[in-house]
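Trainee: My questions will all concern the structure given below.
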Amino acid sequence: MTFTAEEMSTLQKYLQSKFGHTGFALKMRDKANDSVEVLLNGEFIAVIYKNIDEGETSYDFNMAILDIDLRDAA
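Sequential numbering from 689 applies to the sequence shown in this note's numbering.
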């Protein structure tokens with residue numbers, strides 16, 4: 689269930705369009721081929737997992753937010 693270069697490019701363009709920010713980039717993960725890292729302006733922010741079920745493909749955007757990050761934003 690690996691990501692193709694075309695999928696990564698399309699997902700990156702989707703994120704850039706959806707969030708109105710060109711700083712998004714996707715990077716293959718070293719030890720997992722079912723997911724990619726999401727970078728914003730070069731900083732890791734999330735993981736996108738690929739899921740294929742009954743012939744349909746979906747992508748799960750998973751972003752952890754630490755409590756210390758919330759304090760910085762307040």
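Quick reminder that beta carbons are idealized off the backbone N, C-alpha and C, glycines included.
For Phe712, count neighbouring Cβ atoms within 10 angstroms of its own Cβ and tell me buried if that reaches 16, exposed if not.
Mentor: For this step, residue 712 is matched to residue 24 along the sequence shown. Buried.
Trainee: Pick out whichever of Asp757, Asp760, Ile736 and Glu742 has its Cα sitting closest to the Cα of Phe749.
Mentor: Position 61 of the sequence shown holds residue 749. Checked all of Asp757, Asp760, Ile736 and Glu742; the closest Cα to Phe749 is Ile736.
Trainee: If you draw a straight line from the alpha carbon of Leu714 to that of Leu754, how long is it in whole angstroms?
Mentor: Numbered from 1 along the sequence shown, position 26 holds the residue referred to as residue 714. Numbered from 1 along the sequence shown, position 66 holds the residue referred to as residue 754. Near 21 Å, if we compare the C-alpha coordinates of Leu754 and Leu714.
Trainee: Does Ser758 pass the burial test, meaning 16 or more other C-beta atoms within 10 Å, or should it be called exposed?
Mentor: For this step, residue 758 is matched to residue 70 along the sequence shown. Checking the displayed sequence, the identity of residue 758 turns out to be Leu instead of Ser. With fewer than 16 Cβ atoms within 10 Å of its Cβ, Leu758 is classed as exposed.
Trainee: Find the nearest neighbour of Thr710 within the set Tyr747, Met716 and Lys701, judged by alpha-carbon distance.
Mentor: On the sequence shown, position 22 is the one that residue 710 refers to. With distances taken between Cα atoms, Thr710 lies closest to Lys701.
Trainee: Out of Ala720, Gly708 and Leu727, which one is the CA nearest neighbour of Met751?
Mentor: Residue numbering aside, residue 751 sits at position 63 when the sequence shown is read from its first letter. For Met751, the nearest C-alpha among the options comes from Leu727.
Trainee: Which of the three DSSP states, helix, strand or coil, is assigned to Glu695?
Mentor: The sequence position of residue 695 within the sequence shown is 7, counting from 1. Here Glu695 sits in helix by DSSP.
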